[in-house]
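Structure first, commentary second.
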Amino acid sequence: TQLLEQSPQFLSIQEGENLTVYCNSSSVFSSLQWYRQEPGEGPVLLVTVVTGGEVKKLKRLTFQFGDARKDSSLHITAAQPGDTGLYLCAGAGGSARQLTFGSGTQLTVLP
Amino acid sequence: NAGVMQNPRHLVRRRGQEARLRCSPMKGHSHVYWYRQLPEEGLKFMVYLQKENIIDESGMPKERFSAEFPKEGPSILRIQQVVRGDSAAYFCASSSDTRSYEQYFGPGTRLTVT
């Protein structure tokens with residue numbers, strides 16, 4: 001059974017600060033996705049990483065896939081209140097299409 | 112709206128009734144996945160379907176739950192004789208053939224069993 005552990009579980013920071021969210025596993029994933037979920041809504045896909053060591057940037061968000069494809073991180077620069085939400089990492093392993101989700105990081109950015 | 116559609120958004124059922132949840136995948140997508148999010152828990156995979164075929168149902172409870180994706184029409188997740196423990200948010204996702212690892216989620220159906 002593949003497991004993804006996210007940390008921290010909760011994060012409350014002031015506007016303008018930087019933060020990093022981690023997603024770790026002992027399993028290798030063929031791809032890893034980061035989603036953001038608002039209350040009462042479905043997860044919205046932010047990025048997909050598939051190559052070990054890959055780095056992708058989306059405005060103030062930087063996503064990295066570990067060299068061994070077992071871990072990933074999400075770094076937000078100069079956080080804004082609009083970044084508030086639940087951030088989820090999800091991985092797909094081998095030929096399986098099902099996604100294994102992390103438990104999520106609830107981010108609150110205070111103005 | 113070219114996104115994944117789910118209906119109803121909210122569904123209330125009494126214990127013992129049946130619940131039917133519908134999902135229309137994104138245009139051009141032929142792969143459908145159902146996930147369940149229990150209160151205070153993460154998203155868990157239930158079943159993966161392509162048109163007229165169940166590919167992987169390893170996450171589906173063995174009893175009372177079934178899913179289909181007919182040739183025409185939406186995918187249906189059916190829960191028979193619902194119990195209070197079935198109360199959860201049920202999400203549908205879809206993906207294309209070429210980028211199967213990118214799953215796009217619908218807004219979910221919140222099922223409440225009273």
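Listed in order, the protein sequences are those of chains L and W. Each residue of the first sequence is one higher than the one before, starting from 1 at the first, in the numbering used here. Each residue of the second sequence is one higher than the one before, starting from 112 at the first, in the numbering used here. All C-beta atoms, glycine included, are put in the ideal place defined by N, C-alpha and C. These numbers were taken from a predicted model, which means no experiment stands behind them.
Under 7 Å by beta carbon: chain W residues contacting residue i
i: Gln106 of chain L; result: The premise fails here: Gln106 of chain L is roughly 12 Å from chain W at the closest Cβ pair, so nothing lies under 7 Å.
i: Ser31 of chain L; result: Tyr212
i: Ser103 of chain L; result: Gly153
Check whether residue i and residue j have beta carbons under 7 Å apart
i: Ile76 of chain L; j: Leu86 of chain L; result: no
i: Ala199 of chain W; j: Gln148 of chain W; result: yes
i: Pro185 of chain W; j: Arg133 of chain W; result: yes
i: Phe156 of chain W; j: Gln2 of chain L; result: no
i: Gly91 of chain L; j: Leu32 of chain L; result: yes
i: Ala79 of chain L; j: Leu19 of chain L; result: yes
i: Val112 of chain L; j: Lys56 of chain L; result: Any answer about residue 112 of chain L is impossible in this case: the structure gives chain L only from 1 up to 111.
i: Asp140 of chain L; j: Val44 of chain L; result: Outside the shown range of chain L (1 to 111) lies residue 140 of chain L, about which nothing can therefore be said.
i: Glu41 of chain L; j: Pro218 of chain W; result: yes
i: Val193 of chain W; j: Arg131 of chain W; result: no
i: Pro81 of chain L; j: Pro111 of chain L; result: yes
i: Val49 of chain L; j: Phe65 of chain L; result: yes
i: Gln161 of chain W; j: Ser177 of chain W; result: no
i: Leu122 of chain W; j: Leu188 of chain W; result: no
i: Lys70 of chain L; j: Ser25 of chain L; result: yes
Listed by chain order, chain L residues near residue i by CB distance under 8 Å
i: Tyr215 of chain W; result: Leu45
i: Tyr201 of chain W; result: Neighbours of Tyr201 of chain W on chain L: none; closest Cβ ~10 Å, over 8 Å.
Distance between beta carbons of residue j and residue i, contact taken as under 8 Å
i: Ser103 of chain L; j: Gln6 of chain L; result: 5 Å
i: Pro119 of chain W; j: Ser205 of chain W; result: About 18 Å; that fails the 8 Å criterion.
i: Leu4 of chain L; j: Phe101 of chain L; result: 7 Å
i: Tyr35 of chain L; j: Leu74 of chain L; result: No, Tyr35 of chain L and Leu74 of chain L are not in contact; Cβ-Cβ is about 10 Å, not under 8 Å.
i: Arg195 of chain W; j: Val158 of chain W; result: Wrong, their Cβ atoms sit about 22 Å apart, outside the cutoff.
Range of the contiguous beta strand (DSSP E) that encloses residue i
i: Asp71 of chain L; result: Asp71 to Ile76
i: Ala199 of chain W; result: Ala199 to Ser206
i: Leu110 of chain L; result: Thr105 to Leu110
i: Glu5 of chain L; result: Glu5 to Ser7
i: Phe119 of chain L; result: Shown here, chain L extends from 1 to 111; a query on residue 119 of chain L therefore has no answer.
i: Ser135 of chain W; result: Ala130 to Ser135
i: Glu179 of chain W; result: Phe176 to Glu179
i: Val83 of chain L; result: This sequence places Asp at residue 83 of chain L; Val is not what is there. Taken as a continuous stretch (DSSP letters only), Asp83 of chain L belongs to no beta strand (DSSP E), as it is neither H nor E.
i: Val49 of chain L; result: Val44 to Val49
i: Arg36 of chain L; result: Ser31 to Gln37
i: Gly57 of chain L; result: The identity of residue 57 of chain L in the sequence shown is Lys, whereas the question assumes Gly. Per DSSP, Lys57 of chain L belongs to the beta strand (DSSP E) from Val55 to Leu58.
i: Tyr144 of chain W; result: His142 to Gln148
i: Leu11 of chain L; result: Phe10 to Gln14
i: Met157 of chain W; result: Leu154 to Gln161
Proximal residues of chain L, C-beta to C-beta of residue i below 9 Å
i: Asp208 of chain W; result: The contacting residues do not exist; Asp208 of chain W stays about 11 Å from chain L at best.
i: His140 of chain W; result: Residues of chain L passing the Cβ test: none, with the nearest at roughly 12 Å.
Proximal residues of chain L, C-beta to C-beta of residue i below 7 Å
i: Phe156 of chain W; result: Gln98 and Leu99
i: Pro119 of chain W; result: Those do not exist, as Pro119 of chain W stays about 14 Å from chain L at its closest Cβ, beyond 7 Å.
i: Pro218 of chain W; result: Glu41 and Gly42
CB contact below 7 Å: residue i versus chain B
i: Gly219 of chain W; result: Absent from the structure: chain B. Protein chains present are L and W.
> Can you list, in chain order, the residues of the stretch 46-64 of chain L whose Cβ is nearer than 8 Å to any Cβ on chain W?
Replying inline: Against chain W - using a Cβ distance shorter than 8 Å - the residues of the stretch 46-64 of chain L are Thr48 and Val50.
> If you measure beta-carbon to beta-carbon, which residues of the stretch 160-185 of chain W are closer than 9 Å to chain L?
Replying inline: Flagged, chain order: Ile166, Asp167, Ser169 and Gly170.
>> Tell me which residues of the stretch 66-91 of chain L have at least one Cβ-Cβ distance to chain W shorter than 9 Å, keeping chain order.
In response: Correct list: Leu88 and Ala90.
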